[in-house]
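Everything below concerns the one structure shown next.
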Amino acid sequence: MPSSSPVQLGFAGMPERLFVCTPSKLGAYVDCPRRYRYSYVDRPTPQKGPPWAHNSLGASVHTALKNWYALPHERRAPGALPTLLKATWVREGYRDVDQERAAYQRAIGWLEGYVATLDPDDDPLGVERVIATKTSVLAFNGRADRIDARRGADGPEAVIVDYKTGRSGLDADDARGSQALALYAYAAQRVFRRPCRRVELHHLPTGTVAAHEHTEESLNRQVTRAEDTARDIVAAEKAVAAGADPDAEFPTNPGAICGWCDFRRTCPAGAEAPAKEPWSAVESHLAT
Ligand code: SF4
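Just so we're aligned, residue 385 is where the sequence shown starts under our numbering, counting upward by one.
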């Protein structure tokens, strides 16, 4: 169960403040405490590397889908997609105009295939909707790509949908293991006052859906894990404030992610990782 005991008391009997977080903030620490520190603790923020083309591509596709749902039902047709995608296309990070154009064409193909699977008369509970909830440790908020209203065996339910545009496909284990999806489901149950157990990853390049049905227990387990992460972060931040070595409290966690890390040039471990070009991931995508 997520922590439901009375809040811990801090100095002078004051309650500890809730840890304000998003899924990406928690995920940054789990992936690499040093990356968390560069992103959320060190001020000024160390200089980041240049923007990534794959992030531009992902953001462009997400926004096009958001705006597709903002259209009146009768205009939600594949013919609307080029205008939507062009209107909010993010240009940063591509190698050149030719690559950017090829990525745009690929994205249109993904979107056409994807909207063909959608009911244009469907109005989700939320599209890019910020949902927030609190536990005795966390003040959680996050922006879910989509929250569907569906009919389950026991009546109306909410379903968390997350769009993915990366190269590799995803499976049910990815949906089951995603802390972000579980936290969205946990929050959506409270915000919409209906069950939300199902979480889905919609992989646009392959048109596949990876899904998992959580139980109350598995959602609570993920929230407890998130609370444990929050406690670790707060302990490290307090130690640094009390004079501990920030490098020791927020250690590096070098690995494959370093090549894609925004702080690779700042981080001593990252400097040893092979550099990726901002367009490397898109280049691989277009080669498949
Ligand atoms: S380069 Fe690697 S070790 Fe350094 S902060 Fe980034 S992910 Fe962590």
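Yeah, the Cβ is synthetic: ideal placement off N, Cα and C, and Gly gets one too.
Residue i: which of the options sits nearest, CA to CA?
i: Lys548; options: Ala491, Lys660, Ala632 and Thr472; result: Ala491
i: Tyr422; options: Ala659, Val666, Trp663 and Phe647; result: Phe647
i: Glu600; options: Val414, Gly493, Gly643 and Ala571; result: Ala571
i: Pro430; options: Ser520, His669, Cys651 and Ala665; result: Cys651
i: Gly683; options: Thr406, Val666, His586 and Gly654; result: Because the chain in this structure spans residues 385 to 672, residue 683 falls outside the shown range and cannot be described.
i: Pro630; options: Gly463, Val425 and Gly553; result: Val425
i: Arg649; options: Pro417, Gly433 and Thr613; result: Gly433
i: Ala533; options: Thr447, Gln573 and Val618; result: Gln573
i: Ala500; options: Ile515, Gly536, Val511 and Leu449; result: Leu449
i: Ser664; options: Thr406, Pro435, Pro417 and Glu584; result: Pro435
On the DSSP bridge assignment, give the partners of residue i in chain order.
i: Lys518; result: Ala523
i: Asp532; result: Val543
i: Glu597; result: Arg582
i: Thr592; result: His587
i: Arg513; result: Ala528
i: Phe403; result: Leu522
i: Lys548; result: His587
Quick check: what's the CA-CA separation for residue i versus residue j?
i: Ser351; j: Pro638; result: A question about residue 351 goes unanswered here, because the residues of the chain that appear run from 385 up to 672.
i: Val607; j: Leu565; result: 11 Å
i: Ser408; j: Glu458; result: 36 Å
i: Leu393; j: Ala628; result: Annotation note: pLDDT 48 at Leu393 (below 50); position unreliable, coordinate value reported separately. Whole-angstrom Cα-Cα distance: 23 Å.
i: Val404; j: Arg551; result: 32 Å
i: Leu509; j: Glu541; result: 10 Å
i: Pro390; j: Lys660; result: Annotation note: pLDDT 43 at Pro390 (below 50); position unreliable, coordinate value reported separately. About 47 Å.
i: Asp415; j: Cys645; result: 11 Å
i: Gln563; j: Ala610; result: 8 Å
i: Ala657; j: Ala640; result: 8 Å
i: Gly539; j: Asp558; result: 27 Å
i: Gly654; j: Ala528; result: 30 Å
i: Thr467; j: Asn439; result: 20 Å
i: Gly463; j: Ala486; result: 19 Å
i: Ser388; j: Ala671; result: No answer about Ser388 holds up, because its pLDDT of 47 lies below 50 and its placement is not dependable.
So residue i and residue j are supposed to be a Cβ contact under 8 Å. How far apart are they, rounded?
i: Pro662; j: Gly442; result: That pair is no contact at about 13 Å.
i: Arg419; j: Ala412; result: 5 Å
i: Val521; j: Arg615; result: 7 Å
i: Ser444; j: Val481; result: Rounded, the Cβ-Cβ distance is 15 Å, inconsistent with contact.
i: Ala437; j: Val666; result: 4 Å
i: Trp494; j: Leu588; result: 4 Å
i: Tyr488; j: Leu469; result: 7 Å
Segment contact flag, the segment 585-602 with the segment 628-639, C-beta cutoff 8 Å, min 3 pairs: They do not touch, by the three-pair rule.
Below 8 Å, can you find three or more Cβ-Cβ pairs linking the segment 498-517 to the segment 447-466? Yes: the two stretches touch, three or more of their Cβ pairs being nearer than 8 Å.
Touch check for the segment 573-589 and the segment 529-545: three-plus C-beta pairs under 8 Å? Two segments are said to touch when three or more pairs of C-beta atoms, one from each, lie closer than 8 Å; by this definition the segment 573-589 touches the segment 529-545.
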